[in-house]
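Structure, as structure tokens:
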Amino acid sequence: MMIIREFTPTDLKRVYEIENMSFDQSYGINMFKSLYDMGTGFLVAEVDGYVIGYILFWIKYQNQGHIISLAVDKNYRRMRAGTRLLSKAIQVLMLFNVANIYLEVNEKNCGAYEFYKSFNFKVDRIVPSYYASGDGAIVMYLPIGAGL
């Protein structure tokens, strides 16, 4: 059975492993620790006591949420862990009355792009050469403000 729970420092090594298997350019382990220490939203998906995915998010500006990173262990994909993590992060951000939630997707990551589109994220703009690899980023946003 899968549960979504708050990250604890004992999850750090496993989260870092998932990050490294998921992205060519990953955050360092110290960056994860710093973000956690700053109070960033940090959730993990766990199956039978084993962390299989995570999401990092925060309020970047007073009314703007931001998904920093979302990844699921490649051996546990298609189990809806990413869906459950993103849904929970959106719920939390809504409690803080954010108007929009933003994120960046590598322009070559069609799977992630389609995943976010399925949540009704919309394209805001393309940022050329956003990543160290030279790949561009698709900046997407989900409007969740009042009246939507």
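Here the sequence shown is numbered in the numbering used here, starting from 381 and rising by one per residue. Idealized CB from N, CA, C, for every residue including glycine. As the structure is a computational prediction, the values presented were derived from the model and not from experiment.
Limits of the alpha helix (DSSP H) - the one that residue i falls within
i	result
D417	409 to 417
E386	Careful: E386 lies outside any alpha helix (DSSP H), inside the beta strand (DSSP E) at 382 to 386.
Residue i vs residue j beta-carbon contact at 8 Å
i	j	result
E484	D515	no
V431	D391	yes
I524	M459	no
L423	A469	yes
A425	A451	no
For residue i, three-class secondary structure by DSSP
i	result
D391	helix
Y510	coil
A517	strand
K348	Look at the range of the chain in this structure, 381 to 528, and you will see that residue 348 is not part of it.
N486	strand
Q329	Only positions 381 to 528 of the chain appear in this structure, which leaves residue 329 out of reach.
Residue from the options whose Cα sits closest to the Cα of residue i
i	options	result
E399	G419, M381, Y434	Y434
M418	D404, W438, F495	W438
R464	A479, F476, Y441, V427	V427
G421	A512, H446, I409, V395	H446
S467	D504, I481, P508	I481
First through last residue of the beta strand (DSSP E) which encompasses residue i
i	result
K454	Looking at the DSSP string, K454 is not in any beta strand (DSSP E), and its letter there is neither H nor E.
V478	V478 -> no beta strand (DSSP E), and no H or E assigned at all.
One or two residues paired with residue i in a DSSP bridge
i	result
V431	E426
V503	M520
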